[in-house]
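J.:
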Amino acid sequence: MEKFDFIEMKVPAKAEYIGVVRLSISGIANRMGFSYEDIEDLKVAISEAITNAVTHAYHETDEGEVTIGFGVYGNRLEVMVADHGGSFNLKEIKDGIGPYKNNESVEDLREGGFGLFLINALMDKVQINNNFGVIVLMTKYLNETEVGFDDDQISTTQ
Amino acid sequence: MNLVIDISEETEKTTVNLSGEIDAYTAPKLKEALLPLTKQNGLIVEINLEDVNYMDSTGLGIFISALKSAKENNSQMKLVNLQDRVFRLFKITGLDAIMDINAAIRGGSE
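Those protein sequence lines, which keep their order, are chains X and C. Per the UniProt record's numbering, residue 1 is the first one in the first sequence, and the count goes up by one each step. Per the UniProt record's numbering, residue 1 is the first one in the second sequence, and the count goes up by one each step.
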């Protein structure tokens, strides 16, 4: 089994904590050696996921929680954002996840605007599960050879 | 993790200087400040984003509603001095094509 470190955070489902989580992912990604650009991508992606969770979470209870899990692997960072407030069972969640395109909850998420679209554009892999609340699982790889957005240059971060 | 909104009214335009982060927490405050300006017939609203170092889709949403309001009320909205990272979101979403954006920061290239 692939070795990884796992970090879990719980924050109240309130917009004022999105910035706190953003600082956390910035620290974790920086420690893993992600580039400045990738760290900025991660910050936007996780904020979008939590913004979704914050807007969707408060329907059931007046004071919901958002649970965030960071899987720190040798070659990638896996980020999970769940609005049901429970703890993650990593394997269980991964087994229950499919490509987000086939998931009916997408229309619902899209009403927030460009959030999910940006997550998809900025991360390497995105999956969504909505069996128990909404769970977003997104992955960004380290040392990926990528084409710059302006497409006039190719930067290798390796 | 906050947003400072400074509005200065000149004769031909109103400049909105923003400084800080635009996310779901600060966006309502921005919307509240911006929409009354775009409702003034004929007004040019120039939004200076030079000191905005973080923005996500909630910011895009605010600028979309401000643009709609500007079109309805015959005012104009311009975004100026965007940092690369912020401008990138407008490019990815294609909003750079429908908004009046001058991304070049002093000494930078467009």
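From the three backbone atoms N, C-alpha and C, an ideal C-beta is built for every residue, glycine too.
1. Starting from the Cα of PHE114(X), find the closest Cα among SER47(X), GLY27(X), GLU78(X) and ASN30(X) and give me that residue.
2. In chain order, what residues of the same chain have a beta carbon less than 6 Å from the beta carbon of ASN102(C), not counting five sequence neighbours either side?
3. Using a C-beta to C-beta distance shorter than 7 Å, which residues of chain X count as neighbours of ALA24(C)?
4. When you check each C-beta in the segment 2-34 of chain C against every C-beta of chain X, which residues fall closer than 9 Å?
5. Taking C-beta pairs closer than 9 Å, name the residues in chain X that ILE92(C) reaches, listed in chain order.
6. Is it true that the CB of ALA104(C) sits closer than 7 Å to the CB of THR58(C)?
7. Can you look up GLY74(X) in the DSSP assignment and give me helix, strand or coil?
8. If we define contact as Cβ-Cβ less than 7 Å, is SER75(C) a contact residue for chain X?
9. Can you tell me where the beta strand (DSSP E) holding LEU137(X) begins and where it ends?
10. Roughly how far, in whole angstroms, is the beta-carbon of TYR54(C) from the beta-carbon of LYS43(X), given that I think they are within contact range, below 8 Å?
T.: Walking through what the data contain:
1. SER47(X)
2. VAL80
3. ALA15, ILE18, THR51 and VAL54
4. ASN2, GLU21, ASP23, ALA24, TYR25, THR26, ALA27 and PRO28
5. PHE114, PHE117, LEU118, ALA121, LEU122 and PHE149
6. no
7. coil
8. no
9. 135-141
10. 7 Å
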